[in-house]
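Asks: Keeping their order, the protein sequence lines are chains G and D. Everything in the first sequence is counted per this note's numbering, starting at 1 for the first residue and increasing by one. Everything in the second sequence is counted per this note's numbering, starting at 1 for the first residue and increasing by one. Cβ atoms here follow ideal geometry from the backbone N, Cα and C, with glycine treated the same way. All of these numbers come straight from a predicted model, not from anything done at the bench.
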Amino acid sequence: KAGVTQTPRYLIKTRGQQVTLSCSPISGHRSVSWYQQTPGQGLQFLFEYFSETQRNKGNFPGRFSGRQFSNSRSEMNVSTLELGDSALYLCASSLEQRGGYNEQFFGPGTRLTVL
Amino acid sequence: GESVGLHLPTLSVQEGDNSIINCAYSNSASDYFIWYKQESGKGPQFIIDIRSNMDKRQGQRVTVLLNKTVKHLSLQIAATQPGDSAVYFCAENIEWESYIPTFGRGTSLIVHP
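(1) Within 10 angstroms of the Cβ of G:Y49, are there 16 or more other Cβ atoms? Answer buried if so, exposed if not.
(2) I'd like the list of long-range same chain contacts for D:V4, defined as Cβ closer than 7 Å, with 5 residues on each side in sequence excluded.
(3) Exposed or buried, what is D:P101 when buried is set at 16 or more other beta-carbons lying within 10 Å of its beta-carbon?
(4) Applying the criterion that 16 or more other CB atoms from any shown protein chain within 10 Å of the CB defines a buried residue, is G:Y89 buried or exposed?
(5) State the CB to CB distance for the pair G:S70 and G:V114, rounded to an integer number of angstroms; the pair is presumed to be in contact (CB under 8 Å).
(6) Starting from D:Q60, find everything on chain G with Cβ-Cβ shorter than 9 Å and list it in chain order.
(7) Would you mind telling me which residues of chain G sit closer than 9 Å to D:R57, beta carbon to beta carbon, in chain order?
(8) Throw me the rounded Cβ distance for the G:S22 and G:T7 pair, which I believe falls under 8 Å.
(9) Does DSSP put G:L81 in a helix, in a strand, or in coil?
(10) Under 7 Å, do D:Y25 and D:F89 count as touching if we go by C-beta distance?
(11) Which same chain residues end up closer than 7 Å to D:Q14 when comparing Cβ atoms and leaving out the 5 residues on each side of it in sequence?
(12) Taking G:F45 as the query, report the chain D residues whose CB atoms sit under 7 Å from its CB, ordered along the chain.
(13) Identify each residue in the region 45-75 of chain G for which the Cβ-Cβ distance to at least one residue of chain D is less than 7 Å, and report them in chain order.
(14) State the beta-bridge partners of G:K13 as determined by DSSP.
(15) Are the C-beta of D:K42 and some C-beta of chain G separated by less than 7 Å?
(16) Suppose contacts are defined by Cβ-Cβ distances below 7 Å. Is G:W34 in contact with G:L43 by that definition?
(17) Nearest chain B C-beta to G:P108 closer than 7 Å, yes or no?
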């Protein structure tokens, strides 16, 4: 079974631009979560989608948004990019995340650099 | 490959040694804990978990110890191999209340042949 895939793997943008990152979960997984990973803040939760609905949201500004499609694929968008948005963006999928632990399977991430 | 960052505590060991990676968690209400391994160029990968009703859990070459009194977790890796070189994260969660774990900062393990 193919793992979680993320595209693109690397991205360079300039301040003020916007960016869209894509995540394809493992087949059959309906929950997709997004995380931002930086040296200074570590792994921080952005949001989680299940059945095309955002179920949980971390403490990030409204410039960060996402959506999930009917096939469970997910995208996240960052508008008006800032230098501090440079990070590794990780997507994780699981069968279901509703009480108890459901193992999250992470993709390799998208490395975003904002110049 | 991708590097996680330059601000992590680092543990350097020789191949064949045992490694102990420590983690202090923040929420005394957390009752479920997970260790992840992140190799260069990859996302975090589940290693082992432990619930708060246990003090110790063993896997293949790995052991997790939980001390709830001082809110401390450790991951012991026996006979460390070069392939164990990675960043290791602990994560805490309040099971049945939230399914989004809170990750620790991570420790970089370097295994020298």
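Replies: So, to answer that:
(1) Looking up residue 49 of chain G in the first sequence gives position 49. G:Y49 comes out buried.
(2) Here residue 4 of chain D refers to the residue found at position 4 when the second sequence is read from its first residue. Model confidence at D:V4 stands at a pLDDT of 42, short of 50, so the residue's coordinates are unreliable and nothing is read from them.
(3) Locating residue 101 of chain D in the second sequence gives position 101, where the first residue counts as 1. Label assigned to D:P101: buried.
(4) The sequence position of residue 89 of chain G within the first sequence is 89, counting from 1. Buried, since its Cβ has 16 or more Cβ neighbours within 10 Å.
(5) Position 70 of the first sequence, counted from the first residue, corresponds to residue 70 of chain G. Position 114 of the first sequence, counted from the first residue, corresponds to residue 114 of chain G. Separation of the CB atoms of G:S70 and G:V114 is rounded to 31 Å, and the pair is thereby denied contact status at 8 Å.
(6) By 1-based counting over the second sequence, the position of residue 60 of chain D is 60. The contacting residues do not exist; D:Q60 stays about 16 Å from chain G at best.
(7) For the purposes of this step, residue 57 of chain D is taken as residue 57 along the second sequence, with counting starting at 1. Near D:R57 there are no residues of chain G at all, since even the closest Cβ is about 13 Å away, more than 9 Å.
(8) Along the first sequence, one-based indexing puts residue 22 of chain G at 22. Along the first sequence, one-based indexing puts residue 7 of chain G at 7. Contact between G:S22 and G:T7 holds, since their C-beta atoms are separated by about 5 Å, short of 8 Å.
(9) Here residue 81 of chain G refers to the residue found at position 81 of the first sequence. Three-state result, G:L81: coil.
(10) Counted from its first residue, the second sequence places residue 25 of chain D at position 25. Counted from its first residue, the second sequence places residue 89 of chain D at position 89. Cβ atoms of D:Y25 and D:F89: not closer than 7 Å.
(11) As a working mapping, residue 14 of chain D is identified with position 14 in the second sequence. Cβ contact annotation for D:Q14 (same chain, cutoff 7 Å, sequence separation greater than five): H112, in chain order.
(12) For the purposes of this step, residue 45 of chain G is taken as the residue at position 45 of the first sequence. Per Cβ cutoff of 7 Å: I100.
(13) Contacts with chain D (Cβ-Cβ distance below 7 Å) from the region 45-75 of chain G involve F45, E48, N56, listed in chain order.
(14) As a working note, residue 13 of chain G is residue 13 in the first sequence. According to DSSP, G:K13 bridges with G:V114.
(15) Indexing the second sequence from 1 puts residue 42 of chain D at position 42. Yes, D:K42 lies at the interface with chain G (some Cβ there is under 7 Å from its Cβ).
(16) Translated into the one-based positions of the first sequence, residue 34 of chain G becomes position 34. Translated into the one-based positions of the first sequence, residue 43 of chain G becomes position 43. For G:W34 and G:L43, no; Cβs fall outside 7 Å.
(17) In the displayed structure, chain B is absent; the protein chains listed are G and D.
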